[in-house]
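The listed protein sequences correspond, in order, to chains A and B. Offset between the first sequence (1-based) and my numbering: plus 377. Offset between the second sequence (1-based) and my numbering: plus 23. For glycine and all other residues, C-beta sits at the position ideal for the given N, C-alpha and C.
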Amino acid sequence: MSARPNTNKAPQRGATRQANQPVNTQKPNQKAKRQPFNLSQHLRQHQAVLMESVVRLMNYPMASFMTLMVIAIALSLPGGLYVMLKNVQSVTDQWEQQSVISLYLFSELEDTQALALSHQISARDDVRSVSYVSKEEGLRYFEQVSGYEQILSSLPENPLPIVLQVIPMETVQLDTLDILESLRIELEEQEQVEYAELDAQWLQRLASFLSFGERFVYALSSLLVIAVLLIVGNTIRMAVESRRDEVLVMKLVGATDAYIRRPFLYMGFWFGVLGGLCACICILAVSFWVSGPAMQLIDLYHSDFQLTSFSASEVVVCLTISAIIGTLGAWIAVNKHISDIELQ
Amino acid sequence: MEIEFQRVGKKYDSGQEALSQVSFHLQQGEMAFLTGHSGAGKSTLLKLMMMIERQSSGNILVDGGDLRNLSKKMVPEHRRRVGVVFQNHQLLFDRSVFHNVALPLQVSGADHAQIGKRVRAALDKVGLLGKEKYNPMALSGGEQQRIGIARAVVNKPQLLLADEPTGNLDPKLSAEIMNLFQEFNHVGVTVLVASHDLALVARMRHRVLTLNQGRMVNDGGFS
Chain A
378 MSARPNTNKA PQRGATRQAN QPVNTQKPNQ KAKRQPFNLS QHLRQHQAVL
428 MESVVRLMNY PMASFMTLMV IAIALSLPGG LYVMLKNVQS VTDQWEQQSV
478 ISLYLFSELE DTQALALSHQ ISARDDVRSV SYVSKEEGLR YFEQVSGYEQ
528 ILSSLPENPL PIVLQVIPME TVQLDTLDIL ESLRIELEEQ EQVEYAELDA
578 QWLQRLASFL SFGERFVYAL SSLLVIAVLL IVGNTIRMAV ESRRDEVLVM
628 KLVGATDAYI RRPFLYMGFW FGVLGGLCAC ICILAVSFWV SGPAMQLIDL
678 YHSDFQLTSF SASEVVVCLT ISAIIGTLGA WIAVNKHISD IELQ
Chain B
24 MEIEFQRVGK KYDSGQEALS QVSFHLQQGE MAFLTGHSGA GKSTLLKLMM
74 MIERQSSGNI LVDGGDLRNL SKKMVPEHRR RVGVVFQNHQ LLFDRSVFHN
124 VALPLQVSGA DHAQIGKRVR AALDKVGLLG KEKYNPMALS GGEQQRIGIA
174 RAVVNKPQLL LADEPTGNLD PKLSAEIMNL FQEFNHVGVT VLVASHDLAL
224 VARMRHRVLT LNQGRMVNDG GFS
C-alpha cells in the first residue's frame with residue numbers, strides 16, 4: 378500500500394469531523410456473504426482443484442516431463458546411495474567372526490598370579506574361554522613367525538610378557554563392537570594387565586567408514602532436497618507468471634489469496650509425488666540391473682546374503698517425503714509471486 | 024448498496040494527485056454516471072471503490088461502514104459484493120464463455136448445480152445464452168463486453184461499477200449496453216458508470232457526476 382497522508386491534516390472543521398466519527402468505526406455490512414464453513418463443499422473444491430492441477434501439468438507435457446525427470450534424478454541419487462549403504466550394512470551384519478581380546482600382562486608378574494587372573498576372567502559370564510600363553514610359548518611363536526631366531530637366542534632373558542587370550546561370548550559384529558570394546562577396557566583396568574588389545578581393527582575401520590558413508594548420504598540428500606525445492610519453486614514461479622492474467626481477474630472478482638494459491642500448491646504436490654515415483658522406479662530398476670552380477674559375487678564368497686532394494690514401506694516414505702518437498706517448494710514460490718501480482 | 028465519499032483524496036507515490044476533496048453520496052438503488060476527460064480521475068475513483076487502491080485522505084463509506092477499516096484479508100469479500108465491467112473486458116481466452124462468467128461463483132465456493140443455473144441466467148440476461156460453449160475470442164466486441172457484464176452480475180452484486188464499458192463500441196451497441204445497466208438498476212442494484220460519451224450519458228437521463236483534474240465539478244441531473 379502506498380503511504381497516505383494523515384487525514385487529520387486535511388483542512389476541515391472539528392465539528393464536521395466529530396459528526397462523522399461514530400459512523401467511521403463501523404465496518405461495512407457483511408451480512409450477505411459470511412458463509413458458514415461447509416466441509417463437504419470444501420472437500421469438493423479441493424478435489425476439483427486437485428484434478429485441475431493434473432490437467433495443468435498435462436497442458437505442457439514436455440516441460441512437465443523434463444521437470445519431473447530432473448526431480449526424479451535428484452531424488453534417486455540419495456535413494457540409491459541409501460540402498461547401497463543398507464546392503465553394505467547388512468553384509469557386514471552377517472559377517473560373524475570369533476573375537477579375541479589379548480591381555481599383555483606386566484612382565485614382572487609370576488606365573489601363578491597370571492594363572493589366577495586367567496581363572497578369574499574365565500569365570501565371567503561374558504567370556505567364553507581364556508587361553509594362557511606363557512612367556513616361553515610366546516617366544517617360540519615369535520621365533521617361528523619372525524625368523525629372528527639367532528638374535529632372540531642371544532638375548533639375556535625372554536623379553537616377552539605373559540599373554541592371556543580372552544575369547545568373549547559375543548562374536549565380532551558391527552552392533553557388538555561397543556560391548557566388546559567396553560569389555561576390553563574393563564579387562565585393561567585389571568592391575569596385572571599392562572595392555573589389552575581387541576582384534577577387530579578391520580571392523581572398527583569399516584564401522585567408521587560406514588558412519589562416514591552415512592553422513593555423506595545425509596549431506597548429499599540435504600543438498601539434493603534443496604535442489605528439488607529450487608526446481609519446483611522455479612517451475613511454479615513460471616506457471617504463476619504464465620497465468621498472470623488469470624490471477625489478476627481472480628483477484629478482481631474476489632478470490633482470496635488462499636484460493637489462488639491452491640492449484641499451484643497442488644501442482645507442486647504432483648511434481649513431488651510423480652517425481653518421487655519416477656525416482657523409486659529408477660532405484661528399483663537399477664537394483665534389478667545390478668542384482669545379477671552382485672549375486673554372482675556373493676556366490677563366490679559362499680554367502681547366503683540376500684540383496685535388498687526399496688521395500689514397500691520405503692517407497693511410501695520416499696513418496697511422502699517427495700510430496701512434502703514438492704508442496705513446500707510450491708508454497709515458497711507461490712507466496713512470493715502471488716502477492717507480487719497486484720491489480721492496477 | 025449505499026456509497027458515500029467524504030472529501031476523498033488520492034495521491035499516487037509518483038506525486039500525481041488523482042483525486043482531491045471528492046464528496047458525493049450514492050443512494051441504495053441509485054444509478055449515476057461519472058464523466059470527465061481522460062485523466063480526470065474516473066478510474067481512480069472506481070479503483071478506490073474496488074479497494075484496488077486505497078485513498079490518501081478522506082473516508083469512503085459503504086453501507087455506513089468505512090472501507091479503511093477493512094483489513095487486507097477482507098478485501099476479497101468486499102469485491103464479491105461489487106460487480107465490475109472494464110473497457111478492455113478482462114476476459115480469459117483459455118476457457119469458454121461459460122467458464123469466464125462462472126469465475127466469480129467458483130471463487131466464492133458456489134456448488135456445481137448453482138453455478139450452472141446462475142451462469143445461464145446471467146447469460147440469458149445479456150442475450151448470450153446460446154454461446155456459452157464458445158471461446159470469447161470467437162465473439163464480437165459487443166458480445167465480449169456483454170460477457171464481461173454477465174460476469175459482473177452473476178454473483179448478484181449490490182453495486183455494479185463500469186469503467187468506459189462502451190469505449191470501443193458503435194452508438195447502437197453502446198445504447199444496448201447502457202440499457203442493460205439500466206435494467207439491473209431497475210431490480211435494485213446500485214450502478215455507477217464511468218463514461219466520457221457525453222451524448223449517450225445525456226440521453227440516459229440519470230444523475231451525472233463530473234470530475235475535472237481530480238475534483239468534483241458537477242453533481243446533479245443530466246446536463
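DSSP-derived helix/strand/coil call for B/Val210:
coil
Could you check where the beta strand (DSSP E) with B/His48 kicks off and where it finishes?
Unbroken beta strand (DSSP E) run through B/His48: 40 to 49.
Given a limit of 7 Å on CB to CB distance, which residues of the region 121 to 148 of chain B reach chain A?
Leu126, Pro127, Val130, Ser131, Gly132, Asp134
Look at B/Phe28 and B/Asp242 and say whether their C-beta atoms are less than 8 Å apart.
no
Residues within the region 608 to 631 of chain A neighbouring chain B, beta-carbon criterion of under 7 Å:
Asp622, Glu623, Val626, Met627, Leu629, Val630, Gly631
Can you find a CB in chain A that lies within less than 8 Å of the CB of B/Val214?
Closer than 8 Å: no.
Just checking A/Ser688 against the ligand GDP - is the residue's beta carbon closer than 7 Å to any of the ligand's heavy atoms?
No copy of the ligand GDP occurs in the structure displayed, which carries no ligand at all.
Alpha helix (DSSP H) containing A/Ser623: first to last residue?
Looking at the sequence shown, residue 623 of chain A is not Ser but Glu. Here the alpha helix (DSSP H) through A/Glu623 covers 621 to 629.
Backbone CA spacing between B/His101 and A/Gly631 [nearest angstrom]:
7 Å
Check whether A/Cys659 and A/Ala449 have beta carbons under 8 Å apart
yes
Within 8 Å of any Cβ in chain B, is that where the Cβ of A/Leu705 sits?
no
Counting only beta-carbon separations shorter than 8 Å, does A/Tyr636 have a partner in chain B?
Yes, A/Tyr636 counts as interfacial toward chain B.
Would you please state the rounded distance, in angstroms, between the beta carbons of B/Leu183 and B/Val177? I believe it to be under 8 Å.
Contact doesn't hold; Cβ gap of about 11 Å is too wide.
Establish whether the CB of A/Gln422 and some CB of chain B are separated by less than 8 Å.
yes
Residues within the region 78 to 101 of chain B neighbouring chain A, beta-carbon criterion of under 9 Å:
Gln78, Ser79, Ser80, Gly81, Asn82, Leu84, Val85, Asp86, Gly87, Gly88, Asp89, Leu90, Arg91, Asn92, Leu93, Lys95, Lys96, Met97, Val98, Pro99, Glu100, His101
Tell me, which residues are paired with B/Gln137 by DSSP?
B/Gln137 is not bridged to any residue.
A/Pro545 by DSSP, collapsed to three states: which one?
strand
Assigned exposure category for A/Ser585 - 16 Cβ within 10 Å defines buried
exposed
On the CB-based measure, 16 or more other CB atoms within 10 Å of its CB, does B/Asn202 come out buried or exposed?
exposed
Cβ distance (whole Å) where A/Thr444 is taken to contact A/Thr704 below 8 Å
So it is not a contact: roughly 15 Å between Cβ atoms.
Thinking C-beta only, is B/Leu151 closer than 8 Å to B/Val120?
Yes.
Straight-line CA distance for B/Gly153 to B/Leu162?
Between B/Gly153 and B/Leu162, the C-alpha separation is close to 12 Å.
Beta-carbon proximity check, B/Ala63 vs B/Gly211, cutoff 8 Å:
no
DSSP three-state label for B/Glu27, please.
strand
Neighbourhood of B/Thr67 by C-beta distance below 6 Å, restricted to the same chain and skipping five residues each side:
Lys33, Ala41, Leu42
Chain-ordered chain A contacts of B/Val107 [CB-CB under 7 Å]
Leu629
Check for me: the alpha helix (DSSP H) holding A/Phe646 runs from which residue to which?
634 to 677
Along the chain, which unbroken stretches of the alpha helix (DSSP H) at least 4 residues long are found entirely within the region 142 to 181 of chain B?
Qualifying alpha helix (DSSP H) stretches, in chain order: 164 to 176.
Proximity below 8 Å, CB of A/Asp622 to CB of B/Leu115
yes
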